[in-house]
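Keeping their order, the protein sequence lines are chains A and B. Counting in our numbering, the first sequence runs from 1 upward without gaps. Counting in our numbering, the second sequence runs from 1 upward without gaps. Here is the structure we will look at, set down as structure tokens.
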Amino acid sequence: MDVVAKAWTWLATGSHWAGPDGVWHRLGQHLFLTFACLAIACAVALPIAVALGHIGKGGALAVNISNAGRAVPTFAVLVLLLLSPLGTHGEWPTIIALVLFAIPPLLTNAYVGVNEADQEVVEAARGMGMTGGQLIRRVELPLAFPLIMTGVRTAAVQVVATATLAALPGGGGLGRIITAGFRLTDTPQVVAGAVLVAALALVVEGVFVVLGLLLDPMRRRTGRRLAASRRPPADQAPASPALTT
Amino acid sequence: MADGNCLISNEWICGEYVRTRGQELTDATLEHVWITLASVAIGLLVAFPLALLARRWRAVSGPVLGLTTVLYTVPSLAMFSLLLPVFGVSVAVVITGLVLYSLTILVRNIMAGLASVPEEAREAARGMGYGPLRLLFGVELPLALPALMAGLRITTVSTVSLTTVGAIIGYGGLGNLIYEGMRSFFKAEVLTASVLCVALAVVADLLLLALQRLLTPWARKSRKGTT
Chain A
1 MDVVAKAWTW LATGSHWAGP DGVWHRLGQH LFLTFACLAI ACAVALPIAV
51 ALGHIGKGGA LAVNISNAGR AVPTFAVLVL LLLSPLGTHG EWPTIIALVL
101 FAIPPLLTNA YVGVNEADQE VVEAARGMGM TGGQLIRRVE LPLAFPLIMT
151 GVRTAAVQVV ATATLAALPG GGGLGRIITA GFRLTDTPQV VAGAVLVAAL
201 ALVVEGVFVV LGLLLDPMRR RTGRRLAASR RPPADQAPAS PALTT
Chain B
1 MADGNCLISN EWICGEYVRT RGQELTDATL EHVWITLASV AIGLLVAFPL
51 ALLARRWRAV SGPVLGLTTV LYTVPSLAMF SLLLPVFGVS VAVVITGLVL
101 YSLTILVRNI MAGLASVPEE AREAARGMGY GPLRLLFGVE LPLALPALMA
151 GLRITTVSTV SLTTVGAIIG YGGLGNLIYE GMRSFFKAEV LTASVLCVAL
201 AVVADLLLLA LQRLLTPWAR KSRKGTT
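Set out below in structure tokens:
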């Protein structure tokens, strides 16, 4: 198709990659926003989720926050924050929206992971005289690690997607290449931008899959058997891609 | 404060806005509803055979699940933009994008639902002389309904919220109002449309929950609607 060829030409043109509107600068903005917001969201959500999961309470809270997150349009939140008094403070509306949307998958997965850690192992550890803190650090966190990483990966991909939307109200990031293309009615540029954004989302997903496998503290010890027993309950698992994908 | 002033002073909540632009709000809501309905309906029509194929042949299930998951990863703005050359600026871009997103959750849930059907139920039906089609629609599908409906609810709610992004090409339902309000810094328009959008998602979810209760009377006592 003609547009595809033109989009390829757009991508192959060196001048489109340089300068403040160029791909490199937009990519840098996108990655900076993604990792800053992901770090903030992890710092906020993970301790709460692990504590709640350890006590075994607040499951309904985690699930409800996660479901409510789906019902609220990202785009609406971005624009609402932009028009609020925060809107005059540069990137802050975007950052807050990104953090808000990263929290639900982090919270739900970490809660479920810690809460569903093999009860027999937890009991045994308790019988060995471990304190609550030791139990969390040495038993529950290692067991919950795969699910926590799934949450981090889902959150990361969501932040990448939301950072794209931030371009609609005029924020930075790769989405700007798409919105600029729309404004110029330059379809090849729109498609080129979309390819870049989609590729980035897939790369981020892939990197976190690999990180999750490499960093898993149980990797060498158990293999698949334990992982299978730690799946969330059957009526939850298939329902939520945040848990399964 | 007098009601008429809130348009001039640009308040968040403005009764006068809702009164004077009632028609615009209704039109946008209706567009939102039909885009959502069409996307979810087509999604269901596509997902069901895909799930059956993936269940029948293991060789199909890997690629189907992999591909739908990859599609789910693509950000919405990029998804709509990538479909733009295929359909031009039309509502088909938004609906196709939303259908592609719905497949991930629907296919997985239909497969999980069918997998959860007890083997004894199948055996009993076969023993009663049920053919494969009657087995599927008479026994397996009803038993798979809870999982299917759970997936349908999640899909519908996220489709309602993702439709707003269609505003980039002018087919975003309530998203169009949000986009317009953003450009003119008109707070009441943005807030009203956003609230309507969330309300729409909640209403759709409750309707589907009610439908699920109607369709699965046998499950009423145990299920607690956590998903």
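All residues carry an ideal CB built from backbone N, CA and C; glycine is no exception.
ask   = What residues of chain A sit near B:Cys-197, judged by a beta carbon separation below 7 Å?
value = Chain A residues near B:Cys-197: Pro-73 and Ala-76.
ask   = chain E beta carbons: is any one of them nearer than 9 Å to that of B:Ala-51?
value = Absent here is chain E; the protein component of the structure consists of chains A and B.
inquiry  = If contacts are defined as beta-carbon pairs under 8 Å, then B:Arg-55 and B:Leu-114 qualify, I think. What distance do you get, rounded to the angstrom?
reply    = That pair is a contact at about 6 Å.
message = Below 8 Å, how does it come out for the region 4-19 of chain A and the region 179-195 of chain A: are there three or more Cβ pairs, yes or no?
response = Output reads yes: the region 179-195 of chain A touches the region 4-19 of chain A.
task = Measuring only between beta-carbons, confirm whether A:Ala-237 sits less than 9 Å from chain B.
result = Confidence in A:Ala-237 is poor, its pLDDT being 38 and thus under 50, which makes the residue's placement unreliable; the coordinate value appears in the next sentence. Closer than 9 Å to some Cβ of chain B, the Cβ of A:Ala-237 qualifies, so yes.
task = Give the DSSP-derived three-state secondary structure of A:Met-128 in the structure shown.
result = Residue state, collapsed to three classes: coil.
query = When you compare only the Cα positions, how much space is there between B:Ser-81 and A:Val-79?
reply = If you take the alpha carbons of B:Ser-81 and A:Val-79, they lie about 20 Å apart.
task = Can you give me the Cβ contacts of A:Leu-213 inside the same chain, cut-off strictly under 6 Å, excluding the 5 residues immediately before and after it?
result = Closer than 6 Å at the Cβ level, and outside the excluded window around A:Leu-213, lies no residue.
Chain-order list of residues whose beta-carbon lies under 7 Å from that of A:Cys-37 (same chain, five-residue window excluded) = Answer for A:Cys-37: Ile-95, Leu-98, Val-99, Ala-102 and Val-159, listed in chain order.
Cβ of A:Ile-148 within 9 Å of any chain B Cβ = So no, A:Ile-148 is outside the interface.
ask   = Since B:Pro-142 is in the alpha helix (DSSP H), which residue starts that stretch and which ends it?
value = Where B:Pro-142 is concerned, the enclosing alpha helix (DSSP H) stretches over 141-163.
ask   = How many whole angstroms separate the CB atoms of B:Ser-102 and B:Thr-155, which I take to be in contact at a CB cut-off of 8 Å?
value = Sure, about 4 Å apart at Cβ, within 8 Å.
inquiry  = Using C-beta distances below 6 Å, list every residue in its chain close to A:Gly-175, excluding the 5 sequence neighbours before and after it, in chain order.
reply    = Here the set comprises Thr-164 and Ala-167.
request  = Determine the contact status of B:Met-79 and A:Ala-198, defining contact as a CB-CB distance below 9 Å.
outcome  = Result yes, Cβ atoms of B:Met-79 and A:Ala-198 sit closer than 9 Å.
request  = Please report how far the alpha carbon of B:Val-40 lies from the alpha carbon of B:Gln-212, in whole angstroms.
outcome  = Approximately 16 Å, taken between the alpha carbons.
request  = Report yes or no: is there a C-beta of chain B within less than 9 Å of the C-beta of A:Thr-244?
outcome  = In this predicted model, A:Thr-244 has a pLDDT of only 29, less than 50, meaning its place in the structure is not dependable enough to derive any value.
task = Count the C-beta pairs between the region 54-68 of chain A and the region 160-173 of chain B that are closer than 8 Å, then say yes if the count reaches three, no if not.
result = No: the two stretches stay apart, fewer than three of their Cβ pairs being nearer than 8 Å.
inquiry  = So, for A:His-89: in the same chain, excluding its five sequence neighbours on each side, which residues have a beta-carbon less than 7 Å away from its beta-carbon?
reply    = Nothing listed; no residue qualifies.
request  = Reducing DSSP to helix, strand and coil, say where A:His-16 ends up.
outcome  = Look at A:His-16 here: in three-state DSSP terms it is helix.
inquiry  = I want to verify the contact list: residues of chain B whose CB lies under 7 Å from the CB of A:Glu-91, in sequence order.
reply    = Those within 7 Å of A:Glu-91 in chain B number zero; the least Cβ separation is about 16 Å.
query = Just how far apart, CA to CA, sit B:Leu-98 and B:Leu-7?
reply = Going by the C-alpha atoms only, they are around 34 Å apart.
ask   = Secondary structure at A:Met-149, three-state DSSP: helix, strand or coil?
value = Three-state result, A:Met-149: helix.
ask   = Using a Cβ-Cβ cut-off of 6 Å (strictly less than) and excluding sequence neighbours within five positions of B:Ile-42, which residues of its own chain qualify?
value = Within the same chain, Val-99 come within 6 Å of B:Ile-42 by CB-CB distance, once the 5 residues on both sides are set aside.
message = So for B:Asn-10, helix, strand or coil by DSSP?
response = Residue state, collapsed to three classes: coil.
Closest by C-alpha distance to A:Leu-147, when choosing among A:Ala-110, A:Gly-170 and A:Glu-140 = Ranking A:Ala-110, A:Gly-170 and A:Glu-140 by Cα distance to A:Leu-147 puts A:Ala-110 first.
task = Check the Cβ of A:Thr-13 against every Cβ in chain B and list those closer than 8 Å, keeping chain order.
result = Neighbours of A:Thr-13 on chain B: none; closest Cβ ~18 Å, over 8 Å.
request  = Out of B:Leu-191, B:Leu-209 and B:Leu-214, state which residue places its alpha-carbon closest to the alpha-carbon of A:Ser-84.
outcome  = Of B:Leu-191, B:Leu-209 and B:Leu-214, the residue nearest in Cα terms is B:Leu-191.
key: Three-state class that DSSP yields for B:Tyr-130 in the structure shown   = Residue state, collapsed to three classes: coil.
key: Endpoints, the alpha helix (DSSP H) within which A:Arg-26 is located   = Annotation: the continuous alpha helix (DSSP H) that includes A:Arg-26 extends over 23-55.
ask   = Quick one: is A:Gly-175 near chain B, going by C-beta distance under 9 Å?
value = The Cβ of A:Gly-175 sits closer than 9 Å to at least one Cβ of chain B.
inquiry  = Quick check on B:Gly-129: buried or exposed, where buried means 16 or more other Cβ atoms within 10 Å of its Cβ?
reply    = In summary, B:Gly-129 is exposed, with fewer than 16 beta-carbon neighbours lying within 10 Å of its beta-carbon over all protein chains present.
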